Each structure stands twice: as structure tokens, then as C-alpha cells.
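Following: one structure in C-alpha cells, then a few remarks.
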Amino acid sequence: MPKREDIKTILIVGSGPIVIGQACEFDYSGTQACKALRENGYRVVLVNSNPATIMTDPEIADATYIEPVDWKTLEQIIIQEKPDAILPTMGGQTGLNVSLETCYKRNT
Numbered sequence: 001m002p003k004r005e006d007i008k009t010i011l012i013v014g015s016g017p018i019v020i021g022q023a024c025e026f027d028y029s030g031t032q033a034c035k036a037l038r039e040n041g042y043r044v045v046l047v048n049s050n051p052a053t054i055m056t057d058p059e060i061a062d063a064t065y066i067e068p069v070d071w072k073t074l075e076q077i078i079i080q081e082k083p084d085a086i087l088p089t090m091g092g093q094t095g096l097n098v099s100l101e102t103c104y105k106r107n108t
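Position 38, counted from 1, in the sequence shown is what the numbering used here calls 38; the numbers after and before it change by one each time, with no gaps.
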């Protein structure tokens, strides 16, 4: 698939605190997504409240926010970083729910 030239920065929403049955698989997939996107020339911004993950290692993303995974935090990061795309699927149900709530609150 060719690289989209209209997308420069991608925001990845992590899964937040460890939830039973939803931890390591999202850390692994999120880490691999960050690596793949960076290798393809995209700037990657990550938000995840769990500092004890591989995903939040400083070398994985271009910018890492270890902050609560909630709509208010996500909104502030969107305002500051101005991502061209958001990838909530790497955060499992938490990432999806928070991203959807942010869309509703921002009326986007």
C-alpha cells in the first residue's frame, strides 16, 4: 500500500491501565504499529497512562504522553499535536471508547 502523503502525524491511543485480559497483546501490537509507522516516515504520537509498557519506551514514538486515557486528555493532546490521523484500535476497547467519546464531545 502506498504511503499517504496527506498524513504526517498519527496519534496512537493506548489501552491505559492494565485490565485483566487486555494488557500485553495491546502493548505488543501498539509497539509494532509505532515501529511500522515510524519506519514508513510518519511522526507518531502516543498516549498511554501505563508507564510499565514497552509502548511507552522513549524510543518507540516521536512523542509520548504518559497521561490518563480519557477524553479530556485526548482532546488536549489533539489540540497540541494536531495529528492528521488517530489510531485508536491499538488501545483495545479503552482506546476505541475514549476516541469515540472525544469525537462526540468535540462534535467531529
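Glycine included, each C-beta is placed from N, C-alpha and C at the ideal position. Quantities reported herein were computed from a predicted structural model and do not represent experimental measurements.
For Arg43, there is no enclosing alpha helix (DSSP H); the enclosing beta strand (DSSP E) has its first and last residue at Arg43 to Val47. Rounded to the nearest whole angstrom, the CA to CA distance from Lys82 to Thr64 is 14 angstroms. Distance from the Cα of Ile10 is smallest, within the candidate group Val47, Gly16, Cys103 and Tyr104, for Val47.
Assignment of Ala36 by DSSP, reduced to helix, strand and coil, places it in the helix class.
Within its own chain, the residues whose Cβ lies closer than 8 angstroms to the Cβ of Pro68, once the five positions on either side in sequence are excluded, are Gly16 and Ser49, listed in chain order. Secondary-structure assignment with DSSP links Thr102 through no beta bridge to anything. By alpha-carbon distance to Ile60, the top candidate from Gly91, Ala33, Lys72 and Phe26 is Ala33. DSSP places Ile79 in the helix class (H, G or I) of the three-state scheme.
Cβ atoms of Thr31 and Met55 come within 8 angstroms of each other, at about 5 angstroms.
The criterion of a C-beta distance shorter than 8 angstroms is not satisfied by Asp84 and Asp27.
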